[in-house]
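K.L.:
Mind looking over this structure? Questions follow.
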Amino acid sequence: MSDTHSSPDNEKAFQVDTASAERASNKDNYTSSSSPPPPFALHRQLKNRHVAMISIGGVIGTGLFLGTASALMNGGPLGLLLGYMFIGTICYCVMISIGEMISYLPIAGAELSAAATIINFWQPGVNNAAWITVCLVVAVGINMSGVGVYGEAEFIFASIKVVTIVGLIILGIILDLGGGPSHDRIGFRYWKNPGPFVQFDGISGMKGRFLGWSRVVTQAAFSYAGTEVVALAAAEAKNPRRNLPKAICRVYARILLFYIGGTFIIGLLVPSNNPLLNLNSNNASASPFVIAINQAGIRALPSVINAALLTSAWSAASSDLYIASRGLYGLAAAGNAPKIFLRTSRSGLPYVAVVTCAAFSLLSYMAVSTSSGMVFTWFSSMCATAGLTTWFGIGVVYLRFRKGYLAQGYKTADLPFSSRLQPYAAWWAIGASLVTLLVGSSLFANGAD
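With numbering that gives the first Met the number 0, the residue at position 272 of the sequence shown is 271, and numbering never jumps.
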């Protein structure tokens, strides 16, 4: 699908207006033995293994482990699978668009309520404020410790998530084929009864199925949101022109394995009419995977799996704070935000941006007076809208980048990373994101919640 090219020493470069781009380009080969970077600059401390695992961790989040519950309930097993496949194509097109831009110019440019829902699996009587505070302290603490600590933490969290999802997919196949304690061979039973699609809100016919699928697409957009975290890591990655293309080239394989494989297994194991899938209810379970394991009669494993899912929520919260703070830093570097957000510590931590973005995480305390599952649903809808808007913008920016690059007389084959699918992939990302946004907004306007 994609080609990766090494960047020659005398590679051509067109003019970039922002001073931050020049500083970042000059620091591409920065090492610990080099002279220190200039003031108000991020440090390149993320190693190849950090970048690789950050890209994986960005794909696997609470949207897959927890958000698929409401998606299955609204769309049915086939609607769930098709919805995640549709958004997966947009995500891949966005990533290869990002890949061409950041490999050439590697410059800066809700999960807490989910954690509360997961922890309530064990301690439903404890006030959500306690769990939110614990998770908030962990996420902020990791980000305030510097990008090196964030990279190591994300490496560990992503490793746990990979082992967890691969293990769950394998376990799901075993349970579906009758390898569980009850030896009940499920097969495609739940695709027949209650059926492959759900008639959303009792609306009959094709309209009801389409509305249900539309809700799946909205939830899937939240699940995939954050995959672009590897792009924001470009300004702090060592040898970005070499390491970032490697991470991006493998995105499509991770989408197929983790999301398409995971949602397919969930649709086989859990019926769409299971009441525990309703995250707005007071008896919501932690995850469709946990529901399936409980149905199979495996008693001890759900708590172990839920513990692994909790690390996913921590990782997602930490990554979201990283994305927000580096995005704010990038805006300031380009002159589109107050320069105070450019302030960094000696270790390269943009502490003003981190603290400012962390303040917004206090919104997660809304889960104290309302069901944490309901708050998670609210936040996931907002994040899906923001994510789709971001993807639309990335597609537009890529097309302008490509036009400017070609106007200088250069070829895309000269880029450190290029894809044969461009520019069609960018156009697909723009069109599909816009359609999904319009469908989601029409559902919201009509109160189809």
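All C-beta atoms, glycine included, are put in the ideal place defined by N, C-alpha and C.
With respect to the beta strand (DSSP E) encompassing PHE156, which residues constitute its N-terminal and C-terminal limits?
P.N.:
Position 157 of the sequence shown, counted from the first residue, corresponds to residue 156. That residue, PHE156, is in no beta strand (DSSP E); its alpha helix (DSSP H) goes 146 to 175.
K.L.:
Rounded to the nearest angstrom, what separates GLY204 and PHE196 at their Cα positions?
P.N.:
If you number the sequence shown from 1, residue 204 lands on position 205. If you number the sequence shown from 1, residue 196 lands on position 197. Near 11 Å, if we compare the C-alpha coordinates of PHE196 and GLY204.
K.L.:
Once DSSP output is grouped into helix, strand and coil, what is the label at SER417?
P.N.:
Your numbering for residue 417 matches position 418 in the sequence shown. The answer is strand: DSSP assigns SER417 an E or B state.
K.L.:
Would the beta-carbon of LEU71 fall within 7 Å of that of LEU276?
P.N.:
For the purposes of this step, residue 71 is taken as the residue at position 72 of the sequence shown. For the purposes of this step, residue 276 is taken as the residue at position 277 of the sequence shown. The answer is yes: Cβ separation under 7 Å.
K.L.:
Can you tell me where the alpha helix (DSSP H) holding ALA316 begins and where it ends?
P.N.:
Walking along the sequence shown from the start, residue 316 turns up at place 317. 300 to 332 is the extent of the alpha helix (DSSP H) around ALA316.
K.L.:
Evaluate the contact criterion for the region 310 to 318 versus the region 155 to 169: three or more CB pairs, one atom per stretch, below 8 Å.
P.N.:
Yes, they touch.
K.L.:
Got a sec, what are the start and stop residues for the alpha helix (DSSP H) GLN198 sits in?
P.N.:
As a working note, residue 198 is residue 199 in the sequence shown. Neither: GLN198 is in no alpha helix (DSSP H) and is coded neither H nor E.
K.L.:
Can you find the residues in the same chain that come closer than 7 Å, C-beta to C-beta, to PHE263, ignoring five residues on each side of it along the sequence?
P.N.:
In the sequence shown, counting from the first residue as 1, residue 263 sits at position 264. Excluding sequence neighbours, PHE263 sits near LEU80.
K.L.:
Per DSSP, what kind of secondary structure is ALA295 in: helix, strand or coil?
P.N.:
If you number the sequence shown from 1, residue 295 lands on position 296. DSSP places ALA295 in coil when its eight states are reduced to three.
K.L.:
Do LEU268 and GLY171 have their beta-carbon atoms positioned less than 7 Å apart in this structure?
P.N.:
Along the sequence shown, read from residue 1 onward, the residue named residue 171 stands at position 172. Along the sequence shown, read from residue 1 onward, the residue named residue 268 stands at position 269. For GLY171 and LEU268, yes; Cβs fall inside 7 Å.
K.L.:
Thinking C-beta only, is LEU433 closer than 7 Å to GLY261?
P.N.:
The count along the sequence shown starts at 1 and reaches residue 261 at position 262. The count along the sequence shown starts at 1 and reaches residue 433 at position 434. Cβ atoms of GLY261 and LEU433: not closer than 7 Å.
K.L.:
Between the region 334 to 348 and the region 82 to 90, do three or more beta carbon pairs fall short of 8 Å?
P.N.:
Contact between the region 334 to 348 and the region 82 to 90 is absent, because fewer than three Cβ pairs lie under 8 Å.
K.L.:
Cutting at 8 Å between CB atoms, please list the residues of its own chain near GLY211, excluding the five before and the five after it.
P.N.:
As a position in the sequence shown, residue 211 is number 212, starting the count at 1. The answer, listed in chain order, is ASN73, GLY74, GLY75, GLY78, PHE196, VAL197, GLN198, PHE199.
K.L.:
If distances are taken between C-alpha atoms only, which option among VAL216, VAL139, VAL353, ALA332 comes closest to LEU437?
P.N.:
One-based indexing of the sequence shown puts residue 437 at position 438. The shortest Cα separation from LEU437 among VAL216, VAL139, VAL353, ALA332 belongs to VAL216.
K.L.:
For a test of the three-state rule: what should DSSP assign to ASN335, helix, strand or coil?
P.N.:
Position 336 of the sequence shown, counted from the first residue, corresponds to residue 335. If DSSP states are grouped into helix, strand and coil, ASN335 belongs with coil.
K.L.:
Exposed or buried, ALA315, counting other C-beta atoms within 10 Å across all chains shown (16 or more means buried)?
P.N.:
Working through the sequence shown from its first residue, we reach residue 315 at position 316. Buried, since its Cβ has 16 or more Cβ neighbours within 10 Å.
K.L.:
Taking GLY347 as the reference, give the member of PHE156, MET143, VAL303, ILE95 with the closest Cα.
P.N.:
Within the sequence shown, residue 347 is the residue found at index 348, counting from 1. It is MET143.
K.L.:
Excluding the 5 residues flanking ILE247 on each side, which residues of the same chain have their C-beta closer than 6 Å to its C-beta?
P.N.:
Here residue 247 corresponds to residue number 248 of the sequence shown, with the count starting at 1. Excluding positions up to five away in sequence, the list reads MET94, GLY98.
K.L.:
Do PRO193 and SER302 have their CB atoms nearer than 7 Å?
P.N.:
Sequence index remark: in the sequence shown, residue 193 carries index 194 (1-based). Sequence index remark: in the sequence shown, residue 302 carries index 303 (1-based). In this structure, SER302 does not lie closer than 7 Å to PRO193 by Cβ.
K.L.:
Might you give, ordered along the chain, the residues of its own chain that have their beta carbon closer than 7 Å to the beta carbon of THR435, omitting 5 neighbours on each side?
P.N.:
Numbered from 1 along the sequence shown, position 436 holds the residue referred to as residue 435. Same-chain partners within the cutoff: VAL216, ALA220, LEU387.
K.L.:
Is it true that the CB of MET84 sits closer than 7 Å to the CB of PHE400?
P.N.:
If you number the sequence shown from 1, residue 400 lands on position 401. If you number the sequence shown from 1, residue 84 lands on position 85. Not in contact: PHE400 and MET84 (Cβ atoms no closer than 7 Å).
K.L.:
Please report the straight-line C-alpha distance between PHE391 and ALA428, rounded to a whole angstrom.
P.N.:
Taking the sequence shown and counting its residues from 1, one reaches residue 391 at position 392. Taking the sequence shown and counting its residues from 1, one reaches residue 428 at position 429. So the alpha carbons of these two residues sit roughly 6 Å apart.
K.L.:
If you follow the alpha helix (DSSP H) that GLY204 is part of, which residue opens it and which one closes it?
P.N.:
The residue given as residue 204 occupies position 205 in the sequence shown. 204 to 223 is the span of the alpha helix (DSSP H), which, as asked, contains GLY204.
K.L.:
Pull up the distance between the alpha-carbon of PRO287 and that of ASN273, whole angstroms please.
P.N.:
To locate residue 287, count along the sequence shown from 1; it is residue 288. To locate residue 273, count along the sequence shown from 1; it is residue 274. Their backbone Cα atoms lie some 10 Å apart in a straight line.
K.L.:
For a test of the three-state rule: what should DSSP assign to PRO37, helix, strand or coil?
P.N.:
Mapped onto the sequence shown, residue 37 falls at position 38. For PRO37, the predicted model reports a pLDDT of 45, less than 50, meaning its position is unreliable; a value from the coordinates is still stated below. PRO37: coil per DSSP, three-state reduction.
K.L.:
From ASP8 to PRO415, what distance separates their C-alpha atoms?
P.N.:
Here the question's residue 8 lines up with position 9 in the sequence shown. Here the question's residue 415 lines up with position 416 in the sequence shown. Only weak support exists for where ASP8 lies, its pLDDT of 39 falling under 50; the coordinates are left without a value.
K.L.:
Out of curiosity, what's the CA-to-CA distance linking SER222 and ILE304?
P.N.:
Start at 1 with the first residue of the sequence shown, and residue 222 comes out as number 223. Start at 1 with the first residue of the sequence shown, and residue 304 comes out as number 305. About 19 Å.
K.L.:
Alpha carbon to alpha carbon, how far is TYR189 from ALA357? Give it in angstroms, no decimals.
P.N.:
As a first step, residue 357 must be located in the sequence shown, where it is residue number 358. As a first step, residue 189 must be located in the sequence shown, where it is residue number 190. Using only the alpha carbons, I get a separation of about 42 Å.
K.L.:
Is the beta carbon of PHE340 sitting closer than 7 Å to the one on LEU361?
P.N.:
Along the sequence shown, read from residue 1 onward, the residue named residue 340 stands at position 341. Along the sequence shown, read from residue 1 onward, the residue named residue 361 stands at position 362. Not in contact: PHE340 and LEU361 (Cβ atoms no closer than 7 Å).
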